[in-house]
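S.K.:
In our numbering, the protein residues as written are 1 to 203.
1. Tell me, please, whether the region 121 to 133 touches the region 96 to 109 by the rule of three or more beta-carbon pairs shorter than 8 Å.
2. Under the DSSP definition of a beta bridge, which residues are partnered with residue 204?
3. Would you report the Cα separation of residue 21 and residue 56, rounded to the nearest angstrom?
4. Run through the DSSP bridge pairs and tell me what residue 36 is partnered with.
5. Tell me which same chain residues have a C-beta within less than 8 Å of the C-beta of residue 58, skipping the five on either side of it?
6. Have a look at residue 131 and residue 34 and give me their C-alpha separation to the nearest angstrom.
7. In three-state terms, what does DSSP make of residue 106?
8. For residue 120, tell me which candidate among 134, 141, 107 has the shortest Cα-Cα distance.
9. Measuring only the C-alpha atoms, how far is residue 43 from residue 161?
10. Three-state secondary structure (DSSP) at residue 47?
11. With H, G and I counted as helix, E and B as strand and the rest as coil, what does DSSP make of residue 160?
12. Could you tell me if residue 148 is buried or exposed, where buried requires 16 or more neighbouring beta carbons within 10 angstroms of its beta carbon?
13. Determine the DSSP secondary structure at residue 141, reduced to helix, strand or coil.
14. If we call anything under 7 Å between Cβ atoms a contact, is residue 110 one with residue 145?
15. Would you kindly report the start and end of the unbroken alpha helix (DSSP H) that includes residue 90?
16. By a C-beta neighbour count over all protein chains shown, 10 Å radius and 16 as the cutoff for buried, is residue 31 buried or exposed?
17. For residue 108, which residues in the same chain have their Cβ closer than 7 Å to its Cβ, ignoring the five residues on either side in sequence?
18. Taking the straight line between their C-alpha atoms, what separation do you get for residue 84 and residue 49?
19. Out of 25, 153, 11, 123, point me to the one whose CA is closest to residue 98's CA.
20. With DSSP as the reference, label residue 167 as helix, strand or coil.
21. Leaving out the 5 sequence neighbours to the left and right, which residues in its chain are closer than 6 Å to residue 153 when beta-carbon positions are compared?
Right, dumping it as structure tokens:
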């Protein structure tokens, strides 16, 4: 029978598990919003060539330096993080790992599709990235200003093509609103009149 522990004895040392190396990855065909951490073993098994290339280019004993971040200097970045919780979260999860803020900022919505379950997906063009890096995002994806760009997409589409039966009801604009957006049927200025001085609308 072992000796019972003395209350004055120091607490037993916690068992420490073996540390595992992880990699922050960008997935083919998905936007930077879907970057995630994967185990080294997964990379070795499923993407061996990519893993070997990374090994040759980087020191595997030390994590690579945070080469970009948000682009702000430390003082401005800290001040902004204290005032803007979303910015602080983005800095913590994305920017400090080399992802530029523009790569996660919507430039415009350029198309839509509807899957078998009736869920809308939108083809998004991202700022500072070429069109071939546009990605499909689900309607409910939480992205800043996503609703604004979806509304702009449907409004533009309705002006060009007229009413669309597949357009979600929440994005349908009233006819009065659409009429105010229509271009004038004739020029608002007489092009034959000579100006004595440069008009205000010409800069």
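All C-beta atoms in this analysis are idealised placements derived from N, C-alpha and C, irrespective of residue type, glycine included.
Keep in mind the model is a prediction, meaning the values are calculated, not measured.
M.R.: According to the data block:
1. Yes, they touch.
2. Outside the displayed range of the chain (1 to 203) lies residue 204, so it cannot be described from this structure.
3. The C-alpha of residue 21 lies about 16 Å from the C-alpha of residue 56.
4. DSSP lists 25 as partners of residue 36.
5. Hits under 8 Å: 64.
6. Computed Cα separation, rounded: 18 Å.
7. Strand.
8. With distances taken between Cα atoms, residue 120 lies closest to 141.
9. Going from the Cα of residue 43 to the Cα of residue 161 covers about 47 Å.
10. Coil at residue 47, not helix or strand.
11. In the three-state reduction of the DSSP assignment, residue 160 falls in the helix class, which pools H, G and I.
12. Exposed.
13. In this structure, residue 141 counts as coil in the three-state DSSP scheme.
14. For residue 110 and residue 145, no; Cβs fall outside 7 Å.
15. Counting along the chain, residue 90 sits inside the alpha helix (DSSP H) bounded by residues 85 to 93.
16. Under this definition residue 31 is a buried residue.
17. Non-local C-beta neighbours of residue 108 in its own chain, meaning closer than 7 Å and more than five positions away in sequence, comprise 125, 149, ordered along the chain.
18. Residue 84 and residue 49 have their C-alpha atoms spaced approximately 40 Å apart.
19. The option with the nearest alpha carbon to residue 98 is 25.
20. Under the three-state reduction of DSSP, residue 167 is assigned to coil, being neither helix nor strand.
21. Closer than 6 Å at the Cβ level, and outside the excluded window around residue 153, lie 109.
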